[in-house]
Amino acid sequence: MPPAEAVAPAPGTTGAAREPILQVKDLVKHYPLTRGVLFKKQIGAVKAVDGVSFDLRAGETLGTVGESGCGKSTVARMLVNLERPTSGQILYQGEDITRLSGRALKAVRRNIQMVFQDPYTSLNPRMTVGDIIGEPYEIHPEAAPKGDRRRKVQDLLDVVGLNPEFINRYPHQFSGGQRQRIGIARGLALQPQIIVADEPVSALDVSVQAQVVNLLERLQNEFGLSYVFIAHDLSIVRHISDRVGVMYLGRIIETGTDTEIYDHPTHPYTQALLSAVPVPDPEAREHRERILLAGDVPSPADPPSGCRFRTRCWKARERCALEVPLLAVPAVFRDVDSPARHDSACHFAEEIHVVPGNTTSHIGERSPRPGATSPGEERTAPEGPSPA
Ligand SMILES: Nc1ncnc2c1ncn2[C@@H]1O[C@H](COP(=O)(O)OP(=O)(O)OP(=O)(O)O)[C@@H](O)[C@H]1O
Ligand code: SF4
Ligand SMILES: [Mg+2]
C-alpha cells in the first residue's frame, strides 16, 4: 500500500492553492498574576502574547523567531487549542476556531497538529511506538477503523523513514532523531493540513537536525502541508521558511519573505538578532558589524510603553515611548520598489545589511517547493541503527 494513503490530505484541500488556510487576528494571551492563598487577588498579568496577527497560506512555511520568553510557544499552544486565547481570533478556512467547542472543535483540531521540541520527554516511555503513533486514533476513531490501524501506523513509520517492523519497540530503543521522526509520524496520523512545529530540532545534534528538517520539507512537498515553524536558530528558519515573523515581547515586530527579513531587515531588533548569527567564513566574520543589545528583555508583566523594544534600542527617541509602532510597511518604504518594503513595527525603520555570508550552511540547499519538479529527491535515511 503506498504510504501516501496514510497521510494524504482530504481531496480538494491540497496545498496547491496559496490561499490563507489559517488567519490569526490580534491574538492575546494574558496569564493572571495573583496574590494570596485562600482569597486570590489578581494583581496583574503576564502579557505572554499581546496582539499577534498573521496569515498562513496552504503549502507554505511561516517561520517564527525571537528570544526566549517572547511568546512563541504560547502562540503555538493556542493554535492547536492546548490553551484558550484571552482574546483574538484564529480562523481555520475562514471559521473562528476559538469559538468552537465539542464535536465541531474536535473535527477542526484534526487538521492542526503539533510536533514538540523534546523527543525525549514528549513520547511516553511505557508505550510502544505503534501505540504512540496510533494514539490519535483513540480520540478520532473515525480516522482509522480498528482493524486498519496497525497497517496505517506502519505506513506512517515508512513515510518518516523508519522501518515499519519497529512498530513494537519502545522509545528508548531509538536515537533522538528517530524519536523526533516518531513524533512527526504521530503528528501526521490524522492527515492534518497544518503542522505547528515548536523547536522541532533544537534538542538534536546538528547533523541530525539537517535530516529532520529535510524530512519535514519532503513531507510538505508530498502532502501539501502548511507549517508554523518555531526555532531559535535563524539559519534553520531561513532554510525552511517562505515567510518569517520576528517576535519581541509578545508581538510580531517584523514580517516578510525570508529574503526581505534576512537580506533587507528594517527593524533594529531584527538587525541585532541577525548580527549575532555565526558566520562560518572567517574573512566575512572579520568585516561584520555586531549589534550588541543593552540590558535584558523587560518583564512581559510590565512591558515598556510605546515601542516595547525601546529600552534596548539604540535608535529610540521620545516618540518611541509615546506611540505604539504598528506592524505595517513604514511610510519611508511605501513607494519604493525594494525588498525593504515589508511590514516593520518601527517609527524610524531603515534598511541595514547585517549578515555577510551564508546563514544556511549546516542544513544545505533547500529542497524544491510543491509544484516544482524534484527528480533527484531522496528519502532521508534514519541516522544509524537504533541502539537496542
Ligand atoms: N502558564 C503560564 N503562566 C504564566 N506565565 C507563563 C505561562 N506560560 C508561559 N508564560 C510566560 O509567558 C512568556 C512567554 O512564554 P513562551 O513559553 O511562550 O516563550 P517562548 O518564546 O516559547 O520562549 P522559549 O524560546 O524559551 O521557548 C514567558 O514570560 C513565560 O514565562
Ligand atoms: S520604534 Fe523607536 S524604539 Fe522602537 S524599534 Fe523603532 S526606533 Fe527603536
Ligand atoms: Mg518556547
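For what it's worth, full-length UniProt numbering labels the leading residue of the sequence shown as 1, then goes sequentially. Ideal Cβ placement from N, Cα and C applies to all residues, glycine included.
1) Quick check on F333: does DSSP put it in helix, strand or coil?
2) State the CB to CB distance for the pair H347 and E260, rounded to an integer number of angstroms; the pair is presumed to be in contact (CB under 8 Å).
3) Apart from the five residues just before and just after F116, which ones in its own chain have a Cβ nearer than 7 Å to its Cβ?
4) When the distance is taken between beta carbons, is D55 closer than 9 Å to Q89?
5) Please state the DSSP three-state secondary structure of Y92.
6) By Cβ distance, which residues of its chain are closer than 6 Å to R319, with the 5 residues on each side in sequence left out?
7) Are there 16 or more other CB atoms within 10 angstroms of the CB of T34, so buried, or fewer, so exposed?
8) Quick check on N214: buried or exposed, where buried means 16 or more other Cβ atoms within 10 Å of its Cβ?
9) H267: buried (16+ other C-beta within 10 angstroms of its C-beta) or exposed?
10) Quick one: using the 10 Å Cβ neighbour count with 16 as the cut-off for buried, is V49 buried or exposed?
11) Pull every residue with its beta-carbon under 5 Å away from any heavy atom of ligand 1, and keep them in chain order.
12) Which residues, in chain order, sit with a beta-carbon under 5 Å away from any heavy atom of ligand 2?
13) Where do the N-terminal and C-terminal ends of the beta strand (DSSP E) with S122 fall, by residue?
14) What does DSSP give as the partner residue(s) for R243 in the beta ladder?
15) Contact between the region 269-285 and the region 78-92 is defined here as three or more beta-carbon pairs at a separation below 8 Å; is this criterion met?
16) Look up T34 in the DSSP assignment and give the residues it is bridged to.
17) So, with DSSP's three-state summary, where would you put S361?
18) By alpha-carbon positions, which one of K47, H287, L100 and I43 ends up nearest to G69?
19) Pick out the complete beta strand (DSSP E) segments inside the region 152-231, 3 residues or longer, and give them in chain order.
20) L156 and I139: beta carbons closer than 9 Å?
21) Please say whether V208 and R169 have beta carbons closer to each other than 9 Å?
22) To the nearest angstrom, how far is it from the Cα of Q193 to the Cα of E222?
23) Alpha carbon to alpha carbon, what distance is there between G94 and K29?
24) For S344, which beta-bridge partners are listed by DSSP?
25) Starting from I112, trace the beta strand (DSSP E) in both directions and tell me its first and last residue.
26) Quick one, which of P300, I167, I236 and Q113 has its alpha-carbon nearest S226's?
27) Is there contact between the region 332-340 and the region 102-111, where contact requires at least three CB pairs shorter than 8 Å?
28) Taking 8 Å as the cut-off, is the CB of Q271 close to at least one heavy atom of ligand 3?
29) For the region 140-150 against the region 98-105, are there 3 or more C-beta pairs whose distance is under 8 Å?
30) Quick one: measure Cβ to Cβ for A345 and E254, integer angstroms, because I've assumed they're closer than 8 Å.
31) Return yes when at least one heavy atom of ligand 3 lies under 8 Å from the C-beta of I230, else no.
32) Taking 9 Å as the threshold (C-beta atoms), are T64 and Q220 in contact?
33) Candidates L188, A210 and E350: which alpha carbon is nearest P330's?
34) For S73, report the span of its alpha helix (DSSP H) as first-last.
Quick answer:
1) By 1-based counting over the sequence shown, the position of residue 333 is 333. Three-state result, F333: helix.
2) For this step, residue 347 is matched to residue 347 along the sequence shown. For this step, residue 260 is matched to residue 260 along the sequence shown. At roughly 19 Å, the Cβ-Cβ gap does not stay under 8 Å, so H347 and E260 are not in contact.
3) Taking the first residue of the sequence shown as 1, we reach residue 116 at position 116. Excluding sequence neighbours, F116 sits near S122, G183 and D198.
4) Sequence index remark: in the sequence shown, residue 89 carries index 89 (1-based). Sequence index remark: in the sequence shown, residue 55 carries index 55 (1-based). At the C-beta level, Q89 and D55 stay beyond 9 Å of one another.
5) If you number the sequence shown from 1, residue 92 lands on position 92. Residue state, collapsed to three classes: strand.
6) By one-based count along the sequence shown, residue 319 stands at place 319. Counting only Cβ-Cβ distances below 6 Å, and skipping sequence neighbours, we find H347.
7) What you label residue 34 is simply residue 34 of the sequence shown in a count that begins at 1. Of the other Cβ atoms in all chains shown, fewer than 16 fall within 10 Å of the Cβ of T34; this residue is therefore exposed.
8) Stepping through the sequence shown from its first residue, residue 214 is reached at position 214. Buried.
9) Reading the sequence shown from its first residue, position 267 is the one you call residue 267. Classification for H267: buried.
10) Start at 1 with the first residue of the sequence shown, and residue 49 comes out as number 49. The residue in question, V49, is buried, as its Cβ has 16 or more Cβ neighbours within 10 Å.
11) The answer, residue by residue, is Y31, V46, A48, S68, G69, C70, G71, K72, S73, T74 and P300.
12) Per the CB criterion, closer than 5 Å to any heavy atom of ligand 2, the qualifying residues run in chain order as P268, C307, F309, R310, C313, K315, A316, C320, P325, C346, H347 and F348.
13) For the purposes of this step, residue 122 is taken as residue 122 along the sequence shown, with counting starting at 1. No beta strand (DSSP E) contains S122, which DSSP labels as neither H nor E.
14) Position 243 of the sequence shown, counted from the start, is the residue given in the question as residue 243. Paired residue(s): L62 and T257.
15) Contact between the region 269-285 and the region 78-92 is absent: fewer than 3 CB-CB pairs across the two stretches fall below 8 Å.
16) Looking up residue 34 in the sequence shown gives position 34. In the DSSP output, where bridge partners are listed per residue, T34 has Q42.
17) Position 361 of the sequence shown holds residue 361. Any reading at S361 needs caution, since the residue's pLDDT is 47, under 50, leaving its predicted position unreliable; the model's value is listed next. Three-state result, S361: coil.
18) As a working mapping, residue 69 is identified with position 69 in the sequence shown. Taking only the C-alpha atoms, the option nearest G69 is K47.
19) Listed in chain order, the complete beta strand (DSSP E) runs (minimum 3 residues) inside the region 152-231 are 194-198 and 226-230.
20) Here residue 156 refers to the residue found at position 156 when the sequence shown is read from its first residue. Here residue 139 refers to the residue found at position 139 when the sequence shown is read from its first residue. Going by C-beta atoms, L156 is not nearer than 9 Å to I139.
21) Translated into the one-based positions of the sequence shown, residue 169 becomes position 169. Translated into the one-based positions of the sequence shown, residue 208 becomes position 208. No, the pair does not count as a contact, with Cβ atoms beyond the cut-off.
22) Along the sequence shown, read from residue 1 onward, the residue named residue 193 stands at position 193. Along the sequence shown, read from residue 1 onward, the residue named residue 222 stands at position 222. Going from the Cα of Q193 to the Cα of E222 covers about 12 Å.
23) As a working mapping, residue 29 is identified with position 29 in the sequence shown. As a working mapping, residue 94 is identified with position 94 in the sequence shown. Distance from the CA atom of K29 to the CA atom of G94, rounded to whole angstroms, is 21 Å.
24) Position 344 of the sequence shown, counted from the first residue, corresponds to residue 344. Answer is E254 and A328.
25) Position 112 of the sequence shown, counted from the first residue, corresponds to residue 112. Here the beta strand (DSSP E) through I112 covers I112 to V115.
26) Here residue 226 refers to the residue found at position 226 of the sequence shown. Taking the Cα of S226 as reference, the smallest distance to any Cα among P300, I167, I236 and Q113 is reached at Q113.
27) In this structure the region 332-340 does not lie against the region 102-111, because fewer than three pairs of beta carbons, one per stretch, are closer than 8 Å.
28) Mapped onto the sequence shown, residue 271 falls at position 271. No, Cβ of Q271 sits at least 8 Å from all heavy atoms of ligand 3.
29) No: the two stretches stay apart, fewer than three of their Cβ pairs being nearer than 8 Å.
30) By one-based count along the sequence shown, residue 345 stands at place 345. By one-based count along the sequence shown, residue 254 stands at place 254. Cβ atoms of A345 and E254 come within 8 Å of each other, at about 7 Å.
31) Indexing the sequence shown from 1 puts residue 230 at position 230. Checking the Cβ of I230 against ligand 3 gives yes.
32) Position 220 of the sequence shown holds residue 220. Position 64 of the sequence shown holds residue 64. With respect to T64, Q220 sits apart: the two C-beta atoms are not nearer than 9 Å.
33) To locate residue 330, count along the sequence shown from 1; it is residue 330. Among L188, A210 and E350, the Cα nearest to that of P330 belongs to E350.
34) In the sequence shown, residue 73 corresponds to position 73, counting from 1. K72 to L79 is the extent of the alpha helix (DSSP H) around S73.
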